[in-house]
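In the working numbering, the protein residues as written are 252 to 461. Idealized CB from N, CA, C, for every residue including glycine.
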């Protein structure tokens with residue numbers, strides 16, 4: 252699966268840096284880079300992205316909430332490290348809300364997760380949920396675990412096929428020990444203790460279609 256990504260940021264240097272990070276993952280391809288000032292509908296028609304990676308800059312704006320309706324496709328939103336002003340954004344329906352300084356593996360994992368119709372919110376921002384009253388609780392399930400890496404997704408998919416570790420290693424052309432490492436990591440992230448639980452929970456969460 253190749254995910255087409257449109258990068259939107261006011262600073263061209265930020266756009267370039269994000270493009271370099273995304274290019275490290277084979278499953279992701281940057282189809283375009285744009286400024287927030289560009290027309291959203293035109294950008295979608297031109298680039299046909301699956302996901303928008305949007306850098307919010309250093310100051311959060313109330314207008315950010317309008318992005319969900321304007322883009323009409325999953326948005327991975329990068330925001331300042333502070334959770335100040337995040338209350339409304341947490342219920343707006345973004346695919347992911349992440350700190351601007353997020354490391355490459357977590358960023359790329361989050362992009363792949365939102366394509367699977369998951370919602371990813373950085374753990375450091377979850378405290379902001381306490382700011383919400385009962386009438387403003389989000390209508391989505393928040394994934395509190397760290398997103399799976401692309402290779403962990405690969406192992407999980409083959410796990411769902413009933414393959415053994417050695418069979419997965421042969422299929423992915425990696426070592427048996429590397430498979431065990433990725434399997435242990437993804438089970439930790441899913442909070443499960445067996446291969447069956449991993450597949451079941453991933454299916455229920457929408458990570459897998461089986």
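Query raised in the report: Which term fits residue 390, buried or exposed, when burial requires 16 or more other beta carbons within 10 angstroms of its beta carbon?
Result: At residue 390, the pLDDT of 42 sits below 50, so the modelled position is not reliable; the number obtained from the coordinates is stated separately. Around the C-beta of residue 390, fewer than 16 other C-beta atoms lie within 10 Å, and the residue is accordingly described as exposed.
**Report entry** residue 443 versus residue 297: straight-line alpha-carbon distance, rounded
**Finding:** A direct Cα-to-Cα measurement between residue 443 and residue 297 gives close to 42 Å.
Requested in this report: Kindly list the residues whose CB is nearer than 7 Å to the CB of residue 392, restricted to its own chain and excluding five residues on each side of it in sequence; keep chain order.
Outcome: At residue 392 the pLDDT is 46, less than 50, meaning the model places this residue with poor confidence and gives no usable figure here.
Report task. Would you verify that the beta carbon of residue 453 is, or is not, closer than 9 Å to some beta carbon of chain C? Result -> Among the protein chains of the structure shown there is no chain C, as only one such chain exists.
Query - Alpha-carbon to alpha-carbon, residue 340 and residue 383 - result: Low confidence applies to residue 383: its pLDDT is 45, below 50, so where it sits in the model is not reliable, and the reading given next is rough at best. Cα-Cα distance, rounded: 11 Å.
Query raised in the report: By the 10 Å Cβ neighbour count, where 16 or more other Cβ atoms means buried, how is residue 409 classified, buried or exposed?
Result: Of the other Cβ atoms in all chains shown, 16 or more fall within 10 Å of the Cβ of residue 409; this residue is therefore buried.
Query raised in the report: For residue 275, which residues of its own chain have a beta-carbon under 8 Å away from its beta-carbon, when the five flanking residues on both sides are left out?
Result: By the criterion of a C-beta distance shorter than 8 Å, residue 275 is surrounded in its chain by 355, 359, once the five residues flanking it on both sides are discounted.
Requested in this report: Drop a sphere of 10 angstroms on the beta-carbon of residue 417, count the other beta-carbons inside from all chains shown, and report buried for 16 or more, exposed for fewer.
Outcome: Answer is exposed; the Cβ neighbour count stays below 16.
Report task. Have a look at residue 372 and residue 268 and give me their C-alpha separation to the nearest angstrom. Result -> Rounded to whole angstroms, residue 372 to residue 268 spans 22 Å at the Cα level.
**Report entry** Runs of alpha helix (DSSP H) lying entirely within the stretch 396–444, each at least 4 residues, in chain order
**Finding:** The alpha helix (DSSP H) runs lying completely inside the stretch 396–444 and spanning 4 residues or more are 401–411, 416–423, 427–441, given in chain order.
**Report entry** Chain-order list of residues whose beta-carbon lies under 8 Å from that of residue 270 (same chain, five-residue window excluded)
**Finding:** Spatial neighbours of residue 270 in its own chain (CB-CB distance under 8 Å, excluding positions within 5 residues in sequence) are listed in chain order as 258, 281, 284.
Requested in this report: Quick one: measure Cβ to Cβ for residue 326 and residue 346, integer angstroms, because I've assumed they're closer than 8 Å.
Outcome: About 5 Å separates the two Cβ atoms, so the contact holds.
Report task. Go through its chain and collect everything with a Cβ distance to residue 467's Cβ below 7 Å, but skip five positions before and after it. Result -> Missing from the structure shown is residue 467; the chain here goes from 252 to 461 and no further.
Query - Bridge-paired residues (DSSP) for residue 283 - result: Looking at the DSSP assignment, residue 283 forms a beta bridge with 257.
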